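For the numbering used here, count along the sequence shown from 1 and bump the result up by 907.
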Amino acid sequence: MTYFDCIVVGSGHAGSCAALSSLEAGCQKVLIVEKCPPAWVGGNGYFTAGAHRTVHGGLQDLLPIVSNLSSDTVDRIDMEPYTRDQFFEDIMRLGNGKADPALVSAVVDNSRDAIQWLARSVKVPFVFSFNRQAYEVHGRQKFWGGMVLSVEAGGKGLIAAHQDTLGKAGVELWFDTPCVELLREGNAISGIVVRRNGVNISLKTSAVILAAGGFEASSELRTRHLGPEWERAKVRGTPYNTGDGFQLARAVGAKFTGDWAGCHNTAWDADAPDDTGARDVTNQYTKSGYPLGVMVNSDGARFVDEGEDFRNYTYAKFGRAILSQPGGIAFQIWDAKVIGSLRKEEYGDGIVEKMMANSIEDLALKLSSKGLKNPDTLIRTLSEFNAAVERRQIDFPSQEWDPAIKDGLSTQSSGCLLDIPKSNWALPINQPPFMAVKVCCGITFTFGGLAIDPDTAGVISEESGHPISGLFCTGEMVGGLFYNNYPGGSGLTAGAVFGRKAGATAAKLRGGV
908 MTYFDCIVVG
918 SGHAGSCAAL
928 SSLEAGCQKV
938 LIVEKCPPAW
948 VGGNGYFTAG
958 AHRTVHGGLQ
968 DLLPIVSNLS
978 SDTVDRIDME
988 PYTRDQFFED
998 IMRLGNGKAD
1008 PALVSAVVDN
1018 SRDAIQWLAR
1028 SVKVPFVFSF
1038 NRQAYEVHGR
1048 QKFWGGMVLS
1058 VEAGGKGLIA
1068 AHQDTLGKAG
1078 VELWFDTPCV
1088 ELLREGNAIS
1098 GIVVRRNGVN
1108 ISLKTSAVIL
1118 AAGGFEASSE
1128 LRTRHLGPEW
1138 ERAKVRGTPY
1148 NTGDGFQLAR
1158 AVGAKFTGDW
1168 AGCHNTAWDA
1178 DAPDDTGARD
1188 VTNQYTKSGY
1198 PLGVMVNSDG
1208 ARFVDEGEDF
1218 RNYTYAKFGR
1228 AILSQPGGIA
1238 FQIWDAKVIG
1248 SLRKEEYGDG
1258 IVEKMMANSI
1268 EDLALKLSSK
1278 GLKNPDTLIR
1288 TLSEFNAAVE
1298 RRQIDFPSQE
1308 WDPAIKDGLS
1318 TQSSGCLLDI
1328 PKSNWALPIN
1338 QPPFMAVKVC
1348 CGITFTFGGL
1358 AIDPDTAGVI
1368 SEESGHPISG
1378 LFCTGEMVGG
1388 LFYNNYPGGS
1398 GLTAGAVFGR
1408 KAGATAAKLR
1418 GGV
């Protein structure tokens, strides 16, 4: 029986971090098994924008690891430090206080070191995320929402860096090779069974790291755990995340935990493919410009507070709100004042179908052919919205619109209170041309998963309450970290943190040590 010091199930960002970490910690022979073909390497990480959230001390702290700056640009950047307490509180706040504090602390406290490791050991080409996390205000680039780091070429660049480093390090990667069983000797993991070229093969190892993603690509499991309406959600990433890893873990008595009715979801292009992301377009199907405008459902009514918080604190839950609307669709609407501020990679020509009009009435008419049922309601909704914004401006004439801060420019005033407010960045939609795009719900990954030890990433046994010897977990299979919502950029960071922990602990078991 062929022996490996460590076997990782899954070729995404988290699994790659685990494999590389195990090598650094002393493993000699490491294997990644992946059920997808080579063309789909990278899991969901490939489909991301490469955002990594981390504790940092401000601009000077991060300058050494980024590569997209000139001296002139540096002089025009405003970037506040992002503290340990802020990061911790953001995860806990967005999870309604339900997240496991020990898991959250592990991610937060190890985030900066993980970023440094990715830059140094994996050669991840980090950049400042000007296009997603900064606005130019009075000639200065102002970062907002705590998250400032991305990767050159997004998820494509991230996975390319991993693949290059894995190849140079000598990690074997077997594609088209699903793991079908975990093997045990007594209470410890002793190997796995994979299906390769149509034949089941047993492999011996002292450590298995599960990094096989969630169940978002399975319509059956989405319906069972999230609800029947989730059958029609569009899959943002890989079609291979169908919950297989959870079946493997259940068979060896792993403990399950977390928000099994929750997931990361977002406003997504209504014309995107249904059951899989597109590897050429990847994250460009995201439609996250709603804080600059309004969203209405097919009845023509608003249904969320578009200015509730910064985009990277609301985008991972607003897809659910769209899904619950009639027909599971919505329309995002802006006017000429802000159209130029929308991200080109999401709203550029050739990326999305844009409905343009020189009057609200004409826009409503055009949208009626795209699924808008009540054009008159839309006209009335925007009229009431504009009146509320203008009333607020009368009451607070000194308030200025600033998309880089929570500017308090809202629809609420002493003379007018909308049932659904827009709490920040509220400008009247009154300057032609007007623009709208049709959106739906895209599901990214699911939140329910396996219980792990926050120090080692060891999978907890349901029976004993202690880690199962030789079994580890990282990435989107980890449960108990995110509930209901999450702060953007936390997922990739968590995958790196627990991947490194899993790899380092797995190395201690090599050869039966």
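From the three backbone atoms N, C-alpha and C, an ideal C-beta is built for every residue, glycine too.
Fair warning: this is a prediction, and the values are worked out from it, not measured in the lab.
In this structure, Ser-1397 lies near Arg-960, with their beta-carbon atoms less than 8 angstroms apart. With contact defined as three or more Cβ pairs closer than 8 angstroms, the stretch 1051-1066 and the stretch 1032-1043 are in contact. No Cβ-Cβ contact shorter than 8 angstroms links Tyr-1197 with Gly-1349. For Gln-993, the three-state secondary structure derived from DSSP is helix. When the five nearest sequence neighbours on each side are left out, the beta carbons in the same chain lying within less than 7 angstroms of the beta carbon of Ala-1208 are those of Thr-1284 and Thr-1288, in order along the chain. Comparing alpha carbon positions, the residue from Pro-1282, Phe-1217, Ile-1229 and Thr-1353 closest to Gly-1395 is Phe-1217. Per the C-alpha coordinates, the member of Glu-1215, Pro-1340 and Ser-1320 positioned closest to Ala-1264 is Pro-1340.
In the structure shown, Phe-1379 falls within a strand segment according to DSSP collapsed to helix, strand and coil. By alpha-carbon distance to Ser-974, the top candidate from Trp-1024, Val-940, Phe-1033 and Glu-996 is Phe-1033.
Membership of Thr-1112 in any alpha helix (DSSP H) is not indicated; the residue belongs instead to the beta strand (DSSP E) covering 1106-1112.
Restricting attention to Gly-1002, His-1045, Leu-1056 and Thr-1173, the CA atom closest to the CA of Arg-1019 is found in Leu-1056.
For Val-1115, the enclosing beta strand (DSSP E) begins and ends at 1115-1117. For His-1132, the uninterrupted alpha helix (DSSP H) run begins and ends at 1126-1132, by DSSP. When the beta-carbon positions are compared, Gly-1002 and Asn-1392 come within less than 8 angstroms of each other. Beta-carbon to beta-carbon, Gly-1402 and Ala-921 are separated by about 3 angstroms, close enough to satisfy the 8 angstroms threshold. Assignment of beta-bridge partners to Pro-1361 by DSSP yields no partner. Secondary structure of His-1045 (DSSP, three-state): coil.
The beta carbons of Ala-1095 and Ser-1376 sit closer together than 8 angstroms. Between the alpha carbons of Asp-1187 and Met-1202 lies a distance of about 27 angstroms. Nearest C-alpha to Ala-1140 among Asp-1083, Phe-1122 and Leu-1155: Phe-1122. Nearest Cα to Pro-1374 within the set Tyr-1390, Leu-1357, Phe-1389 and Lys-1329: Leu-1357.
In the DSSP annotation of this structure, the continuous segment of the beta strand (DSSP E) that includes Ser-1057 starts and ends at 1056-1058. Looking at Glu-1059, Tyr-953 and Pro-944, the one whose alpha-carbon comes closest to that of Ile-972 is Glu-1059. Comparing C-alpha distances from Asp-997 to each of Gly-950, Val-1015 and Met-986 shows the shortest one belongs to Val-1015. The residues Ser-1320, Gly-1322 and Cys-1323, in chain order, have a CB closer than 7 angstroms to that of Arg-1298 in the same chain once the five nearest residues on each side in sequence are set aside. Between Met-908 and Leu-1117, the C-beta spacing is not below 8 angstroms. Note: Asp-985 is bridge-paired with Lys-1049 in the DSSP secondary-structure output.
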